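Residue numbers (the working numbering), protein chains in the order written: chain A, 19 to 498; chain B, 19 to 498.
Here's what the structure looks like:
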């Protein structure tokens, strides 16, 4: 079949050209389509359904920890963006500016939000008066715009979808606890629902968010040995509060500045799960967020009773809470097998006349390719268990990949050697804390400081570049 | 209490100044807050939760009728917007233009989408090849921007949230059926879940969507006798398909143009339900979309067992699927009563030591103010029934308001007379179909043609302005 051949030949091998393999997947699995505006994607039904599943689970986790959803405007007046000095310096170079409304030139130009700290601050200054108003634990789901020069679907685009949490607290301790809580939620979400192992840590000064006191992040190692920053949580202290005059009357009626945080994850997570789990036949989706968890393929569908049985199974599983697609189109079973493999559907069920006669169906796991007959009677109990096993298995595979590429290094040349011998990955090494050494390591090895994970004494206690006493232990890696 | 007084005195009476009453409600009930950009609102947790409930129900209705969600970019290149002549003429005067990305002037300016027909058409031209690809039934939830001169929260804002469905079909009949199906879904949603009676009809030529062959709409009469266009469904024929070259190979392998539709409802619906159901004490929310359906207020909360019992009731109702808020703050019960009345919570439950001793609680309906003791044993059965009754009652009240203000007229002066005697409302009258008469009626009476609901023979069969043979029966009304 022409179509089947196309599916099989169209994907570049992951080990031949990882970047092209990625591009092939996002288009051939029908996640996205390009548009006339560089870096702005049409996200197709299958891609958007993944994002909706991510949203649903995360949203429940946010609500369970007391957060409320709101919606701020998409425009920020230039004067508002400029109120916090570091913040505007960080973002102004990469924003899109609206200068005309209808035919009229605007008296003050508006940027399309690259992030919404300034808007939340303006709002908090209006609505926070008393300690009784605190904490404010707000979140919004929206898209933001950053005018990037080079773009890649999901990983770096000019418009991208995300959630941004913005919270205000009475004390620094409360705000720090929130920053840590949300980092933990991101790590739990990534590991439990995306089956993607992550490392939690703090960003160095050079890499922290514009306006933050401290930025925490989760980092995940992709199949090619590069690191992906998959979520960030920022502690602001009272810097924004002072710039925006956000004050509350405490119990003694004294005015105090609030302490703030912000935190976000984006559609970048979709890029992360592609590069963590995908293989040469296409996507491999975590069962928790797969739009289709089970694809049912009738075999010899024209034979009496086959389609009826397939529909019955689909109904039963749907009622049991499994996301099912019965493909009763007139494409061949072989074409369908390749199609749902490409789309990363965790489990396939084949059902034909002989299976029905035996009260069974054949199942095929996307992750292991393992085929196993299943009794039709036990499907609603069996399938959720198999899906759970698939999730555990792909998590473990990703963890093994990371463990095999996790190097403890004493000098920066150890990094170069480990990457050359065993492939790119994470190099754990101590660091003196100077920006010069950080840059030098990156120039020499290609690996930047991804995350501070210790106090400088995990290894030799000496900086891997200059040999002086270390302050931090850092994981070094090439990064997306 | 200072706060209580403030709540009671701050709302302008609905009959004194309807516009000010509306503004008071949207701010005092904490639905929105203004920002530094005119016409762009911060939608607060309580307002956004209403929209999320609307989204959830409508989204399920869309999915049940085979629609899929996608996400198109927020930017439209000027050249793309210009591809369909009528469309660009309709929208270009009111769009916001991005002219700078970072520091660089763009070679082609981008408008922030006022609606996304052009983007969907560009996408459909890429992905539709064969009759097997049809229909495409896509929808997206997003915000759009129209640079309006005068703005009012929810009713007319520069940025507003909505859903926009965009579909492509093999035949005109299929597309027309879709246009009608979605109009029916909007009407069903408005009446069943917003408890807002609507009239379905077609827009006149002067009022139809830019680029449409026909525009259908649902119209709802607000408390003040003005009509609100609450949702629209457009049939495009193959006009966009020809402009954007969207063709498919039919079963004989001949290229055909697709036929298209689009349809949308927005946060305007929130404005509609405020002006349909609200009263001088604040919002009255339809139970189906109320963020809080039942507010539980402990009385003499310091007495032993009161808070425990209140929590037990809250848990029981939550488990039964009721959206409950237990207010155990130290505000007085009277303050809380006023607060949840302002916020339009459909049902209040008061529980104190005496109630507990008697195995009862007191309930108070927001719509009728009726107080009724309820047995604690039967709450999970009783409360959903009461909520349903409230929904029916507010629907009937709105329908009575509309019936009392629905006039059958023979001439345009009948409209002026009816509005003067009995108040603004809907005037049903026949019309010859000429744009001159349509304008003349509006100038003479203030009432525009809201909807074509008949073939010109509902009344005298003569145009209410010129007296010539009528082609259409129209409802005439002042409008938002």
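All residues carry an ideal CB built from backbone N, CA and C; glycine is no exception. All figures in this text were calculated on a predicted structure; none of them were measured in a lab.
Can you find the residues in the same chain that come closer than 8 Å, C-beta to C-beta, to residue 62 of chain A, ignoring five residues on each side of it along the sequence? 48, 49, 50, 51
How about the segment 61-79 of chain A and the segment 308-319 of chain A: do they share at least three Cβ pairs that are nearer than 8 Å? yes
Please confirm if residue 319 of chain A has its CB atom under 8 Å from at least one CB of chain B. no
What residues in the segment 69-95 of chain A bring their beta carbon closer than 9 Å to a beta carbon of chain B? 69, 70, 86, 87, 88, 89, 90, 91, 92, 93, 94, 95
Three-state secondary structure (DSSP) at residue 23 of chain B? Legend: pLDDT at residue 23 of chain B = 44, less than 50; position of this residue unreliable, no value from coordinates given.
Does residue 140 of chain A get closer than 8 Å to chain C when you measure Cβ to Cβ? No chain C appears in this structure, whose protein chains are A and B.
Can you check which of these residues, B:415, B:465, B:332, is closest to residue 434 of chain B by C-alpha distance? B:465
Throw me the rounded Cβ distance for the residue 280 of chain A and residue 182 of chain A pair, which I believe falls under 8 Å. 6 Å
Smallest Cα separation from residue 262 of chain B: which of B:334, B:145, B:392? B:145
So what does DSSP say about residue 448 of chain A, is it helix, strand or coil? strand
Neighbour list for residue 62 of chain B in chain A, Cβ cutoff strictly below 7 Å: 88
How big is the Cα-Cα spacing for residue 35 of chain B and residue 298 of chain B? 11 Å
Provide the residue span of the beta strand (DSSP E) that contains residue 160 of chain B, from first to last. 154-163
Determine the chain A residues that contact residue 165 of chain B at a beta-carbon separation under 7 Å, and present them in chain order. 119, 120
Identify whether residue 34 of chain A lies in helix, strand or coil by the three-state DSSP scheme. coil
Look at the alpha carbon of residue 240 of chain A and the alpha carbon of residue 443 of chain A, and state the distance between them as a whole number of angstroms. 9 Å
Between residue 161 of chain B and chain A, is any beta-carbon pair separated by less than 8 Å? yes
On the three-state DSSP scale, how would you describe residue 58 of chain B? coil
Cβ contact (3+ pairs, closer than 8 Å) linking the segment 319-339 of chain B and the segment 281-291 of chain B: no
So does the segment 220-236 of chain A actually touch the segment 148-163 of chain A, counting three or more Cβ pairs closer than 8 Å? no
Neighbourhood of residue 479 of chain B by C-beta, 8 Å cutoff - its chain only, sequence neighbours within 5 removed: 448, 487, 488
Run the CB neighbour count on residue 270 of chain B, radius 10 Å, all protein chains shown included, and call it buried at 16 or more, exposed below. exposed
Of the choices A:215, A:323, A:125, whose alpha-carbon is the least far from that of residue 372 of chain A? A:323
Using three-state DSSP, classify residue 492 of chain A as helix, strand or coil. strand
First and last residue of the beta strand (DSSP E) that includes residue 184 of chain A? 177-187
Within this structure, are the beta carbons of residue 238 of chain B and residue 290 of chain B separated by less than 8 Å? yes
List the DSSP bridge partners of residue 134 of chain B. Paired residue(s): none; residue 134 of chain B is not in a bridge.
Span of the beta strand (DSSP E) holding residue 218 of chain A? 217-220
Which residues in chain B have a C-beta closer than 7 Å to the C-beta of residue 54 of chain A? List them in chain order. 95, 98, 140
DSSP has residue 93 of chain B in a bridge; who is on the other side? B:130
With DSSP run on the structure shown, which of helix, strand or coil describes residue 342 of chain A? strand
Select from B:416, B:352, B:176, B:196 the residue whose C-alpha is nearest the C-alpha of residue 232 of chain B. B:196
Report yes if the CB atom of residue 96 of chain A is closer than 8 Å to the CB atom of residue 139 of chain A, and no otherwise. no
Could you pull the start and end residues of the beta strand (DSSP E) that residue 214 of chain B belongs to? Residue 214 of chain B -> no beta strand (DSSP E), and no H or E assigned at all.
In chain B, which residues lie less than 9 Å from residue 51 of chain A when you measure between Cβ atoms? 141, 144, 145
Please classify residue 363 of chain B: does DSSP put it in a helix, a strand, or coil? coil
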